[in-house]
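S.K.: Structure below; questions to follow.
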Amino acid sequence: MSLAYVALGANGDDPAGTIGRALAALEAEGIAVAACARIYVGPYIGDYDEPAPELGVVHNTVAEVRTDHAPLELLQVLLDVEKTFGRVRDGSPVRVIDLDLLAVDDVLMQTDDLVLPHPRCLIRGFVLEPWREIAPIYPVPGTGQVVSAFADKLRAQHHHVWPEAAAPLPDHGSEVVQLDDAAALAEWRNSVQGSVGVVPTMGALHHGHLSLVRKARAECGAVLATIFVNPLQFGEGEDLERYPRTLEADIAALSRMGADAVYVPAPDDLYPEGFATHIAPSGAAEGYEGAARPGHFGGVATVVAKLWQRTCPDRSYFGRKDAQQVAVLQQLHRDLDFGGELVVCPTVRAVDGLALSSRNRYLDDAQRKTAVSLARGLEAMGEVAGAGERRALLLKEVGRRPIELAGAEIEYLDVVDPVHMRALDAVEGPALAIAVVRVGDVRLLDNRWLVVPGGRS
Ligand code: AMP
134 MSLAYVALGA
144 NGDDPAGTIG
154 RALAALEAEG
164 IAVAACARIY
174 VGPYIGDYDE
184 PAPELGVVHN
194 TVAEVRTDHA
204 PLELLQVLLD
214 VEKTFGRVRD
224 GSPVRVIDLD
234 LLAVDDVLMQ
244 TDDLVLPHPR
254 CLIRGFVLEP
264 WREIAPIYPV
274 PGTGQVVSAF
284 ADKLRAQHHH
294 VWPEAAAPLP
304 DHGSEVVQLD
314 DAAALAEWRN
324 SVQGSVGVVP
334 TMGALHHGHL
344 SLVRKARAEC
354 GAVLATIFVN
364 PLQFGEGEDL
374 ERYPRTLEAD
384 IAALSRMGAD
394 AVYVPAPDDL
404 YPEGFATHIA
414 PSGAAEGYEG
424 AARPGHFGGV
434 ATVVAKLWQR
444 TCPDRSYFGR
454 KDAQQVAVLQ
464 QLHRDLDFGG
474 ELVVCPTVRA
484 VDGLALSSRN
494 RYLDDAQRKT
504 AVSLARGLEA
514 MGEVAGAGER
524 RALLLKEVGR
534 RPIELAGAEI
544 EYLDVVDPVH
554 MRALDAVEGP
564 ALAIAVVRVG
574 DVRLLDNRWL
584 VVPGGRS
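In terms of my numbering, the sequence shown opens at residue 134 and continues consecutively.
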């Protein structure tokens, strides 16, 4: 685990809110924000470290983060987060959000992509002052001096541009409006002017769900999450009753991510007395999860169709983690002419590679170690495909080995095309390795892209 310092700067609309949401986005990537200074406001500083007050003010702060990522991986996450907030590094003075890696532990590093400590952090008041607030005696690697010594020295020279602490950090976003029934939802929907992004979930939110909220926040005017443990998609003897319900924590997490509203219907709000129409998807819904859990995708398609009708999203967000669900919903969207765009987001994983899932909480420590073999098996398939192996039979053999060695029980493991969810004999174009394993009585689902060099994409 490393300790790192990240500088955050923003000068677009709602800069303080943007900084709060960027911190939440880092947390969604598994980077724990241990401390953050207040927000400091100072004049825009140009590329030659000259103040340019005609360009307005910039809001800045510094956060202390803890992470298992190596420095270059951490830098990549910062760049990815900048990108999802719409930052373009084109020299333009508008920094929707600017994330700079200042220092990591006592690392000294100089590569084309990253220099640590950040070469200019020690000559910038808007970095040193918030940094001093949270880490006054952190010895800046390679300098023999602590942060507050640099801050004092610089302040003596640059008093005219010294930034002021303006505001406490906002509590990462704002209050989420809770909508309990269709009437409240309709009223909220009618009040929204711009685009609406919808993130359907069953609650017990983790960083996988929150990554969808973050993407929606970056792309839409208003963000609505839905939390509904949908009885229609659970079969006889499945875990409907024991499915985790953590509404209070979910709402706090949504507000940190900057969601605007959350629809939390009771079952009879969606399925009132007399409800008798179900969608029955075939095609992509037939194999794998569809075969193992009869009626499951019918339940998913019915609830999502109703949520689309009620929320009229410009975009709705789903995770690739549930690859067959994505295929079924894309088919539903096409076949029944739903509007809006369906956005598919990458799977978020824990540091050990296990795909995040609300059901992971049922695993004890030993089971969790076994569970990681699922990701390892799929990863191995990805590597072997990447080295040029196209034959599904061989790829599956490679995937099975680590899982069986770890003692997990494979329910299915296959190579499929991601649109129709049909088994492939060979990887020629887009292909997914999909699998379900059982560890104890927990059923774990995961998938990976298989990309063969020279294959169609
Ligand atoms: P659920 O609450 O399990 O129905 O999931 C709600 C949404 O979150 C679905 O679109 C899932 O695919 C997505 N999701 C669940 N886990 C992850 C993950 N680890 N990474 C990305 N998306 C996820």
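Yeah, the Cβ is synthetic: ideal placement off N, Cα and C, and Gly gets one too.
Give the straight-line distance between the Cα atoms of Asp-304 and Ala-157, rounded to the nearest whole angstrom.
M.R.: Any reading at Asp-304 is ruled out, since the residue's pLDDT is 49, under 50, leaving its predicted position unreliable.
S.K.: What residue from Val-166, Ala-298 and Asp-401 has the CA that sits closest to Pro-176's CA?
M.R.: Of the candidates Val-166, Ala-298 and Asp-401, the one whose C-alpha sits nearest the C-alpha of Pro-176 is Ala-298.
S.K.: Once the 5 residues before and after Leu-387 are set aside, which same chain residues still bring their CB inside 6 angstroms of it?
M.R.: Counting only Cβ-Cβ distances below 6 angstroms, and skipping sequence neighbours, we find Val-309, Ala-358 and Val-395.
S.K.: So, Val-356 versus Asp-314, is the Cβ gap smaller than 7 angstroms?
M.R.: It is not a contact, given that the beta carbons lie outside the stated cut-off.
S.K.: Taking only heavy atoms of ligand 1 into account, decide whether any of them is closer than 6 angstroms to the Cβ of Val-395.
M.R.: No - ligand 1 has no heavy atom lying nearer than 6 angstroms to the Cβ of Val-395.
S.K.: Could you tell me which of Phe-259, Leu-235, Leu-380 and Cys-445 sits nearest to Val-248, measuring between CA atoms?
M.R.: Among Phe-259, Leu-235, Leu-380 and Cys-445, the Cα nearest to that of Val-248 is on Leu-235.
S.K.: Report yes or no: do the stretch 328-343 and the stretch 369-387 share at least 3 C-beta pairs separated by less than 8 angstroms?
M.R.: Taking 8 angstroms as the limit for Cβ pairs, the verdict is that the stretch 369-387 does touch the stretch 328-343.
S.K.: Name the DSSP bridge partner or partners of Tyr-138?
M.R.: Answer is Glu-197 and Ala-236.
S.K.: Pick helix, strand or coil for Val-436, following the three-state DSSP scheme.
M.R.: It is helical.
S.K.: Roughly how many angstroms separate the alpha carbons of Leu-380 and Asp-455, rounded to a whole number?
M.R.: Distance between the alpha carbons of Leu-380 and Asp-455: 22 angstroms.
S.K.: Does DSSP put His-339 in a helix, a strand or coil?
M.R.: Looking at His-339 - three-state DSSP - the assignment turns out to be coil, as it is neither helix nor strand.
S.K.: So, Arg-347 versus Ala-140, is the Cβ gap smaller than 7 angstroms?
M.R.: No, Cβ-Cβ distance for Arg-347 and Ala-140 is not below 7 angstroms.
S.K.: Quick one: residues in its chain with C-beta nearer than 8 angstroms to the C-beta of Glu-474, no 5 flanking neighbours on either side, listed in chain order?
M.R.: So the list reads Asp-447, Arg-448 and Ser-449, once near-sequence residues are dropped.
S.K.: Is the CB-CB distance between Ala-168 and Glu-197 below 7 angstroms?
M.R.: In contact: Ala-168 and Glu-197 (Cβ atoms closer than 7 angstroms).
S.K.: Rounded to whole angstroms, what's the CA-CA distance from Tyr-138 to Leu-583? Just pull it up for me.
M.R.: Each residue's alpha carbon lies about 36 angstroms from the other.
S.K.: By the DSSP assignment, the alpha helix (DSSP H) with Ala-155 in it spans what residues?
M.R.: 148-161 is the extent of the alpha helix (DSSP H) around Ala-155.
S.K.: Check Met-242 in the structure and name its three-state DSSP category.
M.R.: DSSP places Met-242 in strand when its eight states are reduced to three.
S.K.: Between the beta-carbon of Ala-499 and the beta-carbon of Arg-523, is there less than 7 angstroms?
M.R.: Not in contact: Ala-499 and Arg-523 (Cβ atoms no closer than 7 angstroms).
S.K.: For Asp-402, which of helix, strand or coil comes out of DSSP?
M.R.: Residue state, collapsed to three classes: helix.
S.K.: Answer yes or no: the CB of Gly-341 versus the heavy atoms of ligand 1, is any distance below 6 angstroms?
M.R.: Yes, the beta carbon of Gly-341 sits closer than 6 angstroms to at least one heavy atom of ligand 1.
S.K.: Determine whether the beta carbon atoms of Ile-536 and Val-481 lie at a separation below 7 angstroms.
M.R.: No, the pair does not count as a contact, with Cβ atoms beyond the cut-off.
S.K.: With DSSP as the reference, identify every bridge partner of Ala-556, one or two as the case may be.
M.R.: The partner list for Ala-556 (beta bridge, DSSP) reads Val-549.
S.K.: Using the rule of at least 16 other Cβ atoms within 10 Å of the residue's Cβ for burial, across every protein chain shown, is Leu-205 buried or exposed?
M.R.: Exposed.
S.K.: Whose C-beta lies closer than 8 angstroms to the C-beta of Val-517 among residues of the same chain, with five residues either side of it excluded?
M.R.: For Val-517, where only same-chain residues beyond five positions count, the Cβ hits under 8 angstroms are Leu-527, Leu-528 and Val-531.
S.K.: Just reading off the alpha helix (DSSP H) that Gly-515 is part of, what are its end residues?
M.R.: Looking at the DSSP string, the run of the alpha helix (DSSP H) that includes Gly-515 is 498-519.
S.K.: Using only the alpha-carbon positions, how far apart do Val-174 and Glu-262 sit?
M.R.: C-alpha separation (whole angstroms): 11 angstroms.
S.K.: If you drop the 5 nearest sequence neighbours on each side, which residues of the same chain put their C-beta closer than 7 angstroms to that of Tyr-495?
M.R.: Same-chain partners within the cutoff: Val-575.
S.K.: Find the nearest neighbour of Leu-511 within the set His-411, Leu-489 and Arg-534, judged by alpha-carbon distance.
M.R.: When each option's Cα is compared against that of Leu-511, the closest is Arg-534.
S.K.: Is Val-433 near Gln-464, with beta carbons less than 7 angstroms apart?
M.R.: Cβ distance not < 7 angstroms, so Val-433 and Gln-464 don't count as in contact.
S.K.: Are the stretch 275-286 and the stretch 250-262 touching by the rule of at least three beta carbon pairs closer than 8 angstroms?
M.R.: With the cut-off at 8 angstroms, the stretch 275-286 and the stretch 250-262 touch.
S.K.: Just verifying my parser: in three-state terms, what is the DSSP assignment at Ala-168?
M.R.: Here Ala-168 sits in strand by DSSP.
S.K.: With Ser-490 and Leu-577 assumed to form a contact (beta carbons below 8 angstroms), what rounded beta-carbon distance in angstroms separates them?
M.R.: So it is a contact: roughly 7 angstroms between Cβ atoms.
S.K.: What's the gap between the Cα of Gly-562 and the Cα of Gly-588?
M.R.: Approximately 5 angstroms between the Cα atoms of the pair.
S.K.: For Ala-268, is the classification buried or exposed, using 16 other Cβ atoms within 10 angstroms of its Cβ as the cut-off for buried?
M.R.: Classification for Ala-268: buried.
S.K.: Using a Cβ-Cβ cutoff of less than 6 angstroms, which residues in the same chain neighbour Val-229 once the five nearest sequence positions on both sides are dropped?
M.R.: So the qualifying residues of the chain are Gly-145, Phe-218, Gly-219 and Arg-220.
S.K.: State yes or no: is the C-beta of Ser-324 within less than 7 angstroms of the C-beta of Cys-478?
M.R.: No, Cβ-Cβ distance for Ser-324 and Cys-478 is not below 7 angstroms.
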